[in-house]
Amino acid sequence: MKKQTLLFYALTSLVALTFSAIAFLYETATPHSFYFYSSFFLCILLLLLLFFFQKRHFNKVITMISGKIEKDWLQGLFNNFPMAMLVVNNQANILTANSKACDYFKLDIEQFKKLSVEALISPKASQFFIDSINKGDKTPLWRDEFKIEGDNKEYKWLAINVSTIPLTAKSDGIWSMTMEDVTAKRILKEKLDLIRTEQSLILDHTGVGLALVIDKHIVRANNALGRLLDSYSSAMINKPLNKIIDNRNSSFNFLETVLVELEDNDSYQAEVLLYREDESSFWCRIKAKPANLEDLNKGIILSFEDATKQRNRDANLHQAAVVFEASSDAIMILDADGLIKIVNSSFNNMTGFSETDILGKSPRLLRATREDERRYDAMWSTVLKHGQWRGELWRRKKSGETYPEWASITAVKDNLDNVLEYVFIGSDMSERKYAEDRILHQANYDQLTNLPNRNLFMDRLHQSLQRVQREGTVLALLFIDLDRFKNINDSLGHSAGDKLLIEVSKIMKNTVRDSDTIARFGGDEFAVILSPIYGPKNASRVASSLLESLKTPINIDGYEAIIGASIGISMYPADGTSDEDLVKNADTAMYRAKESGRNNYQFFTEEMQQAAKDRLVMEIDLRQAIERQELRLVFQPQIEVSTGLLSGAEVLVRWQCRNKGMISPSDFIYLAEDTGLIVPIGEWVLKHACLQHKRWKNAGVAPPYLAINVSGRQFKMEGFSESVLKIVNESDLSTRDVELELTESFLMDDQEFAIDTLNELKEMGFMLSIDDFGTGYSSLSYLKKFPIDRLKIDRSFIQDLETNKEDYAIVRAIIDLAHTLNIVVIAEGVEEEGQRKVLEELKCDIIQGYYYSKPLDGAAFTLYLKQYLQQQE
13 MKKQTLLFYA LTSLVALTFS AIAFLYETAT PHSFYFYSSF FLCILLLLLL FFFQKRHFNK
73 VITMISGKIE KDWLQGLFNN FPMAMLVVNN QANILTANSK ACDYFKLDIE QFKKLSVEAL
133 ISPKASQFFI DSINKGDKTP LWRDEFKIEG DNKEYKWLAI NVSTIPLTAK SDGIWSMTME
193 DVTAKRILKE KLDLIRTEQS LILDHTGVGL ALVIDKHIVR ANNALGRLLD SYSSAMINKP
253 LNKIIDNRNS SFNFLETVLV ELEDNDSYQA EVLLYREDES SFWCRIKAKP ANLEDLNKGI
313 ILSFEDATKQ RNRDANLHQA AVVFEASSDA IMILDADGLI KIVNSSFNNM TGFSETDILG
373 KSPRLLRATR EDERRYDAMW STVLKHGQWR GELWRRKKSG ETYPEWASIT AVKDNLDNVL
433 EYVFIGSDMS ERKYAEDRIL HQANYDQLTN LPNRNLFMDR LHQSLQRVQR EGTVLALLFI
493 DLDRFKNIND SLGHSAGDKL LIEVSKIMKN TVRDSDTIAR FGGDEFAVIL SPIYGPKNAS
553 RVASSLLESL KTPINIDGYE AIIGASIGIS MYPADGTSDE DLVKNADTAM YRAKESGRNN
613 YQFFTEEMQQ AAKDRLVMEI DLRQAIERQE LRLVFQPQIE VSTGLLSGAE VLVRWQCRNK
673 GMISPSDFIY LAEDTGLIVP IGEWVLKHAC LQHKRWKNAG VAPPYLAINV SGRQFKMEGF
733 SESVLKIVNE SDLSTRDVEL ELTESFLMDD QEFAIDTLNE LKEMGFMLSI DDFGTGYSSL
793 SYLKKFPIDR LKIDRSFIQD LETNKEDYAI VRAIIDLAHT LNIVVIAEGV EEEGQRKVLE
853 ELKCDIIQGY YYSKPLDGAA FTLYLKQYLQ QQE
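Quick note: the sequence shown uses this note's numbering, first residue 13, plus one each step.
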């Protein structure tokens, strides 16, 4: 620098001397001489050299001054940089640091120069720096954040920027490193990341589908929305919203509606039918809110909830409300304290209480005075313990009227088993009670006489036996069967018979004590329980009183009916200790009373018990007799009175018992009737009689017809006419070969049915005959209604025909009436010539009895027929 200055000064001096020489020459020398021009050019040359030198020196001076200014400026900029800055070389050693770095790390520049990036920050930062610059990239290398330990063992985060911008012209390989403490930002970022993670977890695991819609497209959706639509949330991103909300059956545009509604409102809600990918649909409740209240363009937040269950619940609630109000039962809703908070209209109608009268009050207000307080408390105790109660209560209406109610109370509880409310449902049982009482009465009482029936009687007998067993007292059971009731019932009709039974029941009730039980067993049978009683004498006294009372004539529709009774008596404990034994033994004694001439009473005896056993044995034998072919047919001829010719023959049955020999019909027919065995027996008789008649026809000795008896049970069986016709046809006989005999009594039981069946048989060609005619006096009036061919006068009128004027008059009246109606008359039981003569005088048509022949078995009657035919020849 000094040399340059001295040279500058020397040249300046030389130029000055030159200019002085030129001036001298110009004054002394000749102008334009050689010396003048030489000096002039030399001076110009020196001036040019001086100018060049001076310019170059000036530039250097300017450069030097500018460099100093720039250095100072950069140094100031470096020191005043708002972040800590280091200058490092390629080996990551620190060359210098600015004041911010000194303040942050609490080090001076000399201390920095002794450190490296590794020592100051971390080995990881140093190594990463070295690896990065070794790549040869001269652009800004990297930016990263490093965790360092502070003074108080607290960690800090530094954000470091490394740049290749040189600090001087010769600073290649020197790097600037700026550092910023981002601990607070890092903590805030971690908190925000945590919040975002939590929000993401919440949004993705919530049951509510969420979506952010911007510019009509879904830009974000949570997993719940994907599950709701049976899709993936990622698959919905960037999809148009209308692709999700596809109202294929409606013109309703959800998004347009949302945009319009959100212009004036903070939110909008609608239920829309959405479709999943599998084409299944569901009702979805969608709520829309703007992401920014000031600008809808910043997005709309949509929430999606499956509304199907809620809709179903709403529908169920609506149905429940309709049922609640439309129910015919009275319904009360009580709060947790048991006070009434809701009632339906049926409650108002049933009780007469309005809502104003009843709401907020205890249901005890409805309690009837006859209801036990303890029962009411027990009811609530059950509800509190078990959650429900059902039973019968007595209620009081607003008018004060009481009524029975079938009630149920149910406690409604939450998940913690706390009672929320009570539901009380009640139905008026008045009509039901009345109906139940009627049904119970009908089940236990005779509808005609209003007396206990067999069912109730047996129950009371059982209770009475338990009582007398405890008390050690005596009980009597009376079994009563009315005498001649059937005759009156048949003669005057069922209506008259019913009236007679009613009057008889009144007589009996007035005869026995109120503490005694009298019942109608059925038909004309009654039973009485006498309890307590001292012994057989008391029972005899009551039985005698009953018989005496029943002797009094009873007026039935102007007809004086005289009726009696047969009474059987069994005693506890002498005749049995069970209700079955007492009833059975009393019934046995009653039959003995009938056999003893009726209108009397009989006590049960061991002899009767033996007779009952014998009867049971006979019943068993009779059942087996049909299977063993022990029944036999016998035939009794019927003779025309006027000619003495054979008119026909009646078929009778006998029982050839293997144990007891021949048994008369009078000993087993009644048993067959009682047990129902008469039906198979009657069918067997009809079939074998027809077969026998066919054999006689084939032999040429057949009588004109066979009269076959038909029992009442047979006659009343469904399809009886067809079954008889079938048997006759299978025997290859004509219906004119058979006469059916029917007893008068069962024809009178149901005249309309009898007339219909008789007409049916008549149309088939059968001859019809009424047997035992005359036992029902008023039956004469029905003769003209029955399509009969013959009637048989009962043997009871023939027996004393010659000596008894009444019998004579009756027989004559029967014959005259029958002839008037063109009916043939047969007299059975004729045994004497005198009887025959009287019948001949009275114009009786046919006679049957021992006078002509006793009943004959098949072989004997075959011989009889052959002899008869020989006589006719």
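Using N, Cα and C, we set each Cβ at its ideal position, and we do this for glycine too.
Beta-bridge partners of Asn567, as assigned by DSSP: Glu572
Where Val646 sits in the DSSP three-state scheme: strand
Asn501, buried or exposed, once every other Cβ within 10 Å from all chains shown has been counted against 16: buried
Euclidean distance between Cα positions of Glu631 and Leu683: 7 Å
Opening and closing residue of the alpha helix (DSSP H) in which Asn324 lies: 320-338
Inter-residue spacing [alpha-carbon to alpha-carbon] between Asn234 and Lys197: Taken atom to atom, the span from the alpha-carbon of Asn234 to that of Lys197 is near 28 Å.
Buried or exposed (CB count within 10 angstroms, at least 16 for buried), Phe436: buried
Uninterrupted alpha helix (DSSP H) stretches inside the region 246-320 (no shorter than 4 residues): 253-256, 266-276
N- and C-terminal bounds of the alpha helix (DSSP H) containing Tyr682: 677-687
Three-way DSSP call (helix, strand, coil) for Asp440 in this model: In this structure, Asp440 counts as strand in the three-state DSSP scheme.
At least 3 beta-carbon pairs within less than 8 Å: the region 379-398 vs the region 359-367: no
Whole-angstrom distance between Thr617 and Ala601, CA atom to CA atom: When the Cα atoms are used, Ala601 and Thr617 turn out to be separated by approximately 8 Å.
Cβ shell of Val424 (< 8 Å), same chain only, five flanking positions each side left out: Val431, Leu432, Glu433, Tyr434, Val435
One or two residues paired with Trp418 in a DSSP bridge: BP columns for Trp418 point to Glu404, Ser439.
Opening and closing residue of the alpha helix (DSSP H) in which Tyr388 lies: 385-398
When Ser442, Gly438, Glu404, Asp429 are compared against Tyr415, the one with the closest alpha-carbon: Ser442
Under the three-state DSSP convention, the category Tyr789 falls into: Note that Tyr789 scores a pLDDT of 43, beneath 50, so its modelled location is shaky; the value from the coordinates is reported in the next line. Tyr789 sits in a helix when the DSSP states are folded into three classes.
Leu780 beta carbon less than 8 Å from that of Asp812: no
Sub-8 Å separation of Thr190 and Met95 beta-carbons: yes
Residue range of the unbroken beta strand (DSSP E) whose run includes Val740: That residue, Val740, is in no beta strand (DSSP E); its alpha helix (DSSP H) goes 732-742.
Closest by C-alpha distance to Gly219, when choosing among His705, Val736, Leu241, Ile199: Of His705, Val736, Leu241, Ile199, the residue nearest in Cα terms is Leu241.
Ile720 vs Val697 beta-carbon contact at 8 Å: Yes, the Cβ-Cβ distance between Ile720 and Val697 is below 8 Å.
Cβ pair count under 8 Å reaching 3, the region 346-354 against the region 302-320: no
Check whether Arg407 and Ala447 have beta carbons under 8 Å apart: no
Pairwise C-alpha distance: Ser552 and Ile545: 11 Å
Separation of Lys203 from Ser188, as counted between CA atoms: 32 Å
Same chain, Cβ closer than 7 Å to Phe70, neighbours up to 5 away in sequence not counted: The pLDDT assigned to Phe70 is 47, lower than 50, so where the model puts this residue is not dependable; a value taken from the coordinates is nonetheless given after this. Closer than 7 Å at Cβ, skipping near neighbours: no residue.
Test item: CB-CB of Val225 and Leu206 under 8 Å: no
Pick from Leu645, Asp626, Leu703 that is closest to Asn671, judged by C-alpha positions: Asp626
Length of the line joining the Cα atoms of Asn889 and Leu222: Limits of the chain in this structure are 13 at one end and 885 at the other, which puts residue 889 out of reach.
Ile142 beta carbon less than 8 Å from that of Ala104: For Ala104 and Ile142, yes; Cβs fall inside 8 Å.
Span separating the alpha-carbon of Glu775 from that of Asp587: 55 Å
Counted within 10 angstroms of its Cβ, other Cβ atoms place Tyr876 as buried (16 or more) or exposed: buried
Cβ separation of Gly861 and Glu843, assumed to be a contact under 8 Å, to the nearest whole Å: 5 Å
Own chain residues within Cβ distance below 6 Å of Thr687, not counting five before or after: Glu631
Lys866 versus Leu657 - alpha carbon distance: Computed Cα separation, rounded: 17 Å.
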